[in-house]
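Below: the structure, in structure tokens.
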Amino acid sequence: MSVVEAQTAAPLLRVERLTTRFAVRRGGLGAKPAVVHAAEDVSFEVGPGEIVGLIGESGSGKSTVGRTIVRLETATSGQVLFRGENVLNFGPRDLARYRRRVQVIFQDPAASLNPRMRVEAIVAEPLIVHRIGDRRDRRDRVVQLLEDVGLKADALRRYPHEFSGGQRQRVGIARALAVGPELIVADEPVSALDVSVQAQVINLLQALSRRSGLALLFISHDLPTVEFLCDRVVVMYLGRVMEIAPAADFQRAPLHPYSRRLVADAPRFGGTLRHAAEAVAGEVPSPISPPSGCVFRARCADAIADCALTVPRLESVTQGRAVACIRRELFS
Amino acid sequence: MSDSPPVLSVRGLSTHFATARGVVRAVEDVSFEVGAGETLALVGESGSGKSVTGLSILRLLPPSGCVVGGQILFRGAGGEAIDLATAPERSLRGVRGAGVSMVFQEPMSALNPAFTIGAQIAETIRLHQKTSKPEALARAEALLAKVGISEPARRLGDYPHQLSGGMRQRAMIAMAVACQPALLIADEPTTALDVTTQAQVLRMLRALQAESGMGLLFVTHNLALVPMIADRVIVMYAGEIVETGAAGALLAAPKHPYTRALLECLPARRLPRDPTDDRPLPTIEGSVPDLAHRPTGCAFADRCRDAELDCRTLAPTLRPLGDDSRLSRCHFAERL
């Protein structure tokens, strides 16, 4: 049995040893291009109707994983299986079919909505692209979708700039829902919003998931939001998965040294600033030349010499829980 | 606060903007004090006026904005108070970066990309103090070490783009505290940083403050940071202070419906999650009123679940609530 499996028997999405690297040019002309190890050997699953949180700091590769899943980036190796089929091998026709079933929403709705299109056209566009319904059906469907995300029908005739940030994100969600997807990849969907508006969008995503069995891959750097919204969490650091756990277990006791530091440093009520000795030291190393062995070892207070030798495998510790740390017995 | 007079004392500050829609009253009648060694958090959502308040203190407003009323009394090392609201531009220049410094969310917009970090910090020092170039550079190196930048001697020669986001913000803070200001205004200094870096920077700010005794005005949208950094807190809404008090007491028992609502909608307040509790997060319906056409009554009334008829007609004043240092702008604060 795999250690990264979803809580349900047949996963909707199964990411297997996914690696995505980018070539970047450094230095002057003729300099050898460097390789960014954005995502390395990433494996996890999302079950039908499940909300999985993909959490990490900048440079962790969480967005790259999300973008590779929806084929906005090209994988270097590994597999992305959607209902058993490898998405990475899809040709144009399969890809079009796939995109009816998996949709994406982005952090900045202002940048992902065409400013010259009215909301009606924005939300109807995926229906036209995928040839769903005739003109009249589409109009009814758009009104229904806007209602589902809490927008009134008068929004139809308006342009994106006439809306607040939270309303624009609702338009983005309505557009993603238009084709009736089974999975939405949401990349930091609330990070750019005011606190009071974040709560509205979180509630909406949760209600949609409960109501229609929609699965969500919720990519975020905000630990409290992930813990509140998600069923399971996948923790990434410098391109690799450090820990996978049910959200409830993770809150009670994060296991990986990086997870524990992340939890300790997240602003929390009743908490105060921890002493310097307890904090994560140093900066995230460059993904162009990640450290050998465990990528977290340079900042880990519990690192030993062996941590530099091999990349720790993601190993099961308890039911549904896996940690990539050679010293995991110390923490479980 | 200690017995010594406050470093900054803002009284009745109003800042307006001239726009095509009319006069936007971004900040209305705001008063507060920051003591030496004290941290005051200025909290609010977008459009609350928190950043404009910070910018008003150093009169760094865009051309359409203007301080139209109030006093901004700053008392520097000399002990003489100067009113920054009316002081001529010439004397303001002597205060900016020396007596009062400011750091912003995005250090890249405040650092010059064409000069090294060392040159920029040294320039700040030499602008305000008579120092030789080598001496200023030596001090810049010491400052980089103090803000937690490793290999400071080497980093002096780095350009801003060669630093990570966290290091850039540290360099920005080093430059801001180079002339030992009596007051540091930090506008969302950690918002663009990762949580582990954020914790490091907050800790470093506290250490700097403990050493120098500077006052800190910490502007943020994130209430969760308040207990980590602040002694006192001001909550702003629609350009006005709606509540102020000691940080711990205010977060534990808010006395304004807006503060209460803002706290309730944070997911962190519902953790650890109770699996049997599937209630949605409380939200604040509606939106901030148009500041070009302020409502006659309480600015929050339309979004307040406890609003009564009086709230829409009678504007509440910011009033003390008997105990401690708490002030609330709500007719019904005692009910909360």
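Just so you know, the sequences run in chain order A and B. Residues in the first sequence are numbered from 3 upward in steps of one, following the numbering used here. Residues in the second sequence are numbered from 75 upward in steps of one, following the numbering used here. Beta carbons are placed, not taken as given, at the ideal position from N, Cα and C, and that holds for glycine.
query: Is glycine 152(B) helix, strand or coil by DSSP?; result: coil
query: Along chain B, which residues have their Cβ under 8 Å away from the Cβ of histidine 223(A)?; result: Asp268 and Val269
query: Output the distance between the C-alpha atoms of valine 104(A) and aspartate 397(B), rounded to the nearest integer angstrom.; result: 56 Å
query: Can you tell which of Arg386(B), His367(B), Thr387(B) and Thr391(B) has its C-alpha closest to the C-alpha of threonine 93(B)?; result: His367(B)
query: Using beta carbons (cut-off 7 Å, strictly below), is isoleucine 358(B) in contact with chain A?; result: yes
query: Which same chain residues, not among the five before or five after asparagine 33(A), have their C-beta less than 7 Å away from its C-beta?; result: For clarity, residue 33(A) is alanine in the given sequence; the question names asparagine instead. Once the five neighbours on either side are set aside, the close Cβ partners of alanine 33(A) are Arg27.
query: Between the C-alpha atoms of alanine 100(B) and arginine 393(B), what's the straight-line distance to the nearest angstrom?; result: 21 Å
query: Counting only the same chain and skipping the five closest in sequence on each side, list residues whose C-beta sits under 6 Å from that of glutamine 283(B).; result: Leu290
query: According to DSSP, threonine 113(B) sits in a beta bridge with which residue or residues?; result: Leu290(B)
query: Whole angstroms is fine: what's the gap from glutamate 184(A)'s alpha carbon to isoleucine 146(B)'s?; result: 57 Å
query: Mark histidine 330(B) as exposed unless 16 or more other C-beta atoms lie within 10 angstroms of its C-beta, in which case mark it buried.; result: buried
query: Looking at chain A, which residues of the region 88-121 of chain B have a Cβ within less than 9 Å of any of its Cβ atoms?; result: Glu119, Ser120 and Gly121
query: What would DSSP say about glycine 152(A), mapped onto helix, strand or coil?; result: coil
query: Three Cβ pairs or more, each shorter than 8 Å: is that satisfied between the region 273-281 of chain B and the region 80-98 of chain B?; result: no
query: When you compare the CB of threonine 227(A) with every CB in chain B, is at least one pair closer than 7 Å?; result: yes
query: What does DSSP give as the partner residues of valine 174(B) in its beta bridges?; result: Arg170(B) and Leu257(B)
query: Taking only the alpha-carbon atoms, compute the straight-line gap between alanine 247(A) and glutamine 321(A) and give it to the nearest angstrom.; result: 9 Å
query: Would you call lysine 207(B) buried or exposed, if buried means 16 or more other Cβ atoms sit within 10 Å of its Cβ?; result: exposed
query: From glutamate 47(B) to proline 289(A), what distance separates their C-alpha atoms?; result: Any answer about residue 47(B) is impossible in this case: the structure gives chain B only from 75 up to 410.
query: At 4 residues or longer, and completely inside the region 105-192 of chain A: list those alpha helix (DSSP H) runs for me, N to C.; result: 111-114, 121-131, 137-150 and 167-179
query: Mind checking which residues open and close the alpha helix (DSSP H) that includes leucine 129(B)?; result: 124-131
query: Do you know how far the Cα of glycine 360(B) is from the Cα of leucine 153(A)?; result: 12 Å
query: Using Cβ-Cβ distances below 7 Å, what residues of the region 193-206 of chain A are close to chain B?; result: Asp196, Val197, Ser198, Ala201, Gln202, Ile204 and Asn205
query: Take every Cβ of the region 186-203 of chain A, pair it with every Cβ of the region 154-170 of chain A, and state whether three or more of those distances are shorter than 8 Å.; result: yes
query: Determine, using beta carbons only, whether methionine 249(B) comes closer than 7 Å to chain A.; result: no
query: For aspartate 157(B), which residues does DSSP report across the bridge?; result: Leu147(B)
query: If I measure Cβ to Cβ from proline 117(A) and keep anything under 7 Å in the same chain, skipping five residues before and after, which residues do I get?; result: Tyr161, Pro162 and His163
query: Quick check on isoleucine 221(A): buried or exposed, where buried means 16 or more other Cβ atoms within 10 Å of its Cβ?; result: buried
query: Can you tell me the Cα-Cα spacing of arginine 242(A) and proline 314(A), whole angstroms?; result: 10 Å
query: Please identify the residue among Val286(A), Pro256(A), Leu311(A) and Asp267(A) whose C-alpha is closest to the C-alpha of arginine 330(A).; result: Pro256(A)
query: Report yes or no: is there a C-beta of chain B within less than 7 Å of the C-beta of phenylalanine 298(A)?; result: no
query: For the region 230-245 of chain A, which residues have a CB atom closer than 8 Å to at least one CB atom of chain B, in sequence order?; result: Phe230 and Leu231
query: For aspartate 251(A) and chain B, any beta-carbon pair shorter than 7 Å?; result: no
query: Where proline 128(A) and alanine 323(B) are concerned, what is the direct C-alpha to C-alpha distance, given to the nearest angstrom?; result: 51 Å
query: Spell out whether any CB of chain B is found under 7 Å from the CB atom of aspartate 139(A).; result: no
query: Suppose only complete runs of 4+ residues qualify. What are the alpha helix (DSSP H) ranges in the region 43-117 of chain A, listed by chain order?; result: 64-71, 94-103 and 111-114
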